[in-house]
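So the structure is just underneath, and the comments pick up after that.
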Amino acid sequence: MICRLLELYIFVLLVRVVLSWFPISPHGAMATVAGFLYTITDPILVPLRRFLPPVRMGAMALDLSPLVAFFAISFLMGAVCS
Numbered sequence: 075m076i077c078r079l080l081e082l083y084i085f086v087l088l089v090r091v092v093l094s095w096f097p098i099s100p101h102g103a104m105a106t107v108a109g110f111l112y113t114i115t116d117p118i119l120v121p122l123r124r125f126l127p128p129v130r131m132g133a134m135a136l137d138l139s140p141l142v143a144f145f146a147i148s149f150l151m152g153a154v155c156s
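Here it is in structure tokens:
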């Protein structure tokens, strides 16, 4: 059960990352979906961002907190699910 929840959380993180690449209108179904995903993933990502600021790449910034979250959850899955 725990393993399935961790797999689902990884999927939700992945969807959030992909959605962050596209502009989302504040009015509409996608805004509701994005808001739900942010509500679920922010408790993990916001604390990580305090310790891991975005990496500047010219005019862009690369947020590495989802990558760290993926690794942490994968490590946890390896410890719990094996």
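Under the working numbering, the first residue of the sequence shown is numbered 75, with each subsequent residue one higher. Glycine included, each C-beta is placed from N, C-alpha and C at the ideal position.
{"Query": "Contact defined as beta carbons within less than 8 Å: I believe I24 pairs with A143. What is the distance between those atoms, to the nearest angstrom?", "Result": "A question about residue 24 goes unanswered here, because the residues of the chain that appear run from 75 up to 156."}
{"Query": "With DSSP collapsed to three states, give me the class of A153.", "Result": "helix"}
{"Query": "Taking only three categories from DSSP, how would you classify L141?", "Result": "helix"}
{"Query": "Pull up the distance between the alpha-carbon of M134 and that of W95, whole angstroms please.", "Result": "12 Å"}
{"Query": "Quick check on R90: buried or exposed, where buried means 16 or more other Cβ atoms within 10 Å of its Cβ?", "Result": "buried"}
{"Query": "When you compare only the Cα positions, how much space is there between F110 and S156?", "Result": "30 Å"}
{"Query": "What is the rounded straight-line gap between the Cα of S148 and the Cα of V154?", "Result": "10 Å"}
{"Query": "Alpha carbons only, please: which of V107, V92, D137, L79 is nearest the one belonging to P121?", "Result": "D137"}
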